[in-house]
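In this note's numbering, the protein residues as written are 17 to 430.
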Ligand SMILES: [Zn+2]
């Protein structure tokens, strides 16, 4: 099969280093993160936000502009004022994108995400077959997706995210029970998958952690250093940051809340027990139940959401029961970790935001810290784009943590 043309049409040949560590990036990283969180900003404000000298801010903004990550905004229109005007700098979203793949149970989602964390193109395919088939399907389709949608923007890397236990360091999906994946070397398998003869770095990450990063940069986590992100779908995963650092532990095993016991849970879990959190709230389990009850025409969770959106009382009751179980997990996380924000990504709350009040009520009853649940527990900032944002977030995280590493990792061949 002939390779599609290279997607790189403009901008320097940069890629995001997959090796930048937590808190790396020095002054340039601090400037870039301040601009995305609080910008557009002038140099004086940037110095205030970062604690850097005005001279250092000027040096870093020039370097970041040289990489195509920042741009100076044109001066405001109108008659010239006295003194030298201070130009604002903002994130340059025109030169680069993050290419991402989210591997879910029903769907594989491809996305292009700009440097402000906005999905600019998305396509999804039905997920079919075992791990080798899924990964081969991604390799087959991804180059065409990139070539069709990059529109002159250069990809900084390939992010691949999924649920379950994901070891970012070794690039392995250690365990994803609903997919039946165990020790799948995804990063190796998708090396070169973007096509076009370029070898983008592959950033594999758990989707709960990728989204926690995105919330810190672009969403509800801005300005916070202690946040918890809880992803509830067919898998249940938590990501925990403390002092701005992601908790991982050996082989990135932290945040596995799938098998916490929830009261009243009767569904059998993949681990063999009954009443685990993940089994109690799984979208597939709920869709099967609704289908068996004759509520929806096929065991498809989207149909259940559609039904609830029409105001169907039975569909709403099923979703509300599920959210009560979710709230139990939320209350436990709040009490153990005491984050300043807990972000919940859950499909019913995305489609029917008023259902979040059910979670708040139940958390208020169950949490011993007795904090204002409505203040602390917030929905995902990314709405229906959440899987696309997750896909790109692993790349964007590397960019914002270590932007100057882009200088040293050049894409080949020349
Ligand atoms: Zn279990």
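By construction, the Cβ of each residue, glycine as well, lies at the ideal position given by its N, Cα and C atoms.
Quick caveat: nothing in here was measured; it's all calculated off a predicted structure.
Non-local beta-carbon contacts of residue 346 in its own chain, meaning distances under 7 Å to residues more than five positions away in sequence, involve 246, 358, 360, 375, 379, 393 in chain order.
Residue 384 is classed as exposed because its beta carbon has fewer than 16 other beta carbons within 10 Å across all chains shown. Under the DSSP assignment, residue 138 falls in the beta strand (DSSP E) whose first and last residues are 135 to 142.
Secondary structure at residue 92: coil, using DSSP grouped into helix, strand and coil. Between the alpha carbons of residue 389 and residue 382 lies a gap of roughly 10 Å. CA-CA distance, residue 263 to residue 94, rounds to 50 Å. Cα atoms of residue 283 and residue 396: separation of roughly 27 Å, rounded to the nearest angstrom.
With 16 or more other Cβ atoms from the protein chains shown falling within 10 Å of its own Cβ, residue 125 counts as buried. Boundaries cannot be given for residue 387, as no alpha helix (DSSP H) includes it and DSSP labels it neither H nor E. Counting along the chain, the unbroken beta strand (DSSP E) around residue 170 starts and ends at 170 to 178. For residue 293, no beta strand (DSSP E) run applies; the uninterrupted alpha helix (DSSP H) run containing it begins and ends at 293 to 297, by DSSP. Following the DSSP letters along the chain, one finds residue 320 inside the alpha helix (DSSP H) bounded by residues 317 to 325.
For residue 246, the enclosing beta strand (DSSP E) starts and ends at 243 to 248.
By the Cβ-count criterion, residue 85 is buried, with 16 or more other Cβ atoms from all chains shown falling within 10 Å of its own Cβ.
Per DSSP, reduced to three states, the secondary structure at residue 148 is helical. If you compare the alpha carbons of 324, 114, 413, 225 with that of residue 171, the shortest gap goes to 114.
Under the Cβ criterion (8 Å, minimum of three pairs), the region 69 to 82 does not count as touching the region 397 to 414. For residue 188, same chain residues with a beta-carbon under 8 Å away, outside a window of 5 residues either side, are 182, 199, 200, 201, 202, 203, 220 in chain order. Contact between the region 224 to 231 and the region 135 to 155 is absent, with fewer than three C-beta pairs closer than 8 Å.
Contact holds between the region 204 to 218 and the region 152 to 167, because three or more Cβ pairs, one in each stretch, are under 8 Å apart. With distances taken between CA atoms, residue 377 lies nearest to 339 out of 399, 299, 398, 339.
With 7 Å as the limit, the residues whose C-beta approaches a heavy atom of ligand 1 more closely than that are 274, 275, 285, 286, 287, 289, 292, 294, 295, in chain order.
Distances from the CA of residue 190 to each of 163, 215, 222 were compared; the closest alpha carbon is that of 222. Straight-line measurement puts the Cα of residue 185 at about 11 Å from the Cα of residue 218. Between residue 275 and residue 292, the beta carbon gap of about 4 Å places them in contact (Cβ cut-off 8 Å). DSSP places residue 403 in the helix class (H, G or I) of the three-state scheme. Selection 342, 142, 154, 106 evaluated against residue 132 yields 106 as nearest (Cα-Cα). Taking 8 Å as the cut-off, the Cβ atoms of residue 269 and residue 179 do not count as close. With distances taken between CA atoms, residue 318 lies nearest to 121 out of 234, 356, 290, 121.
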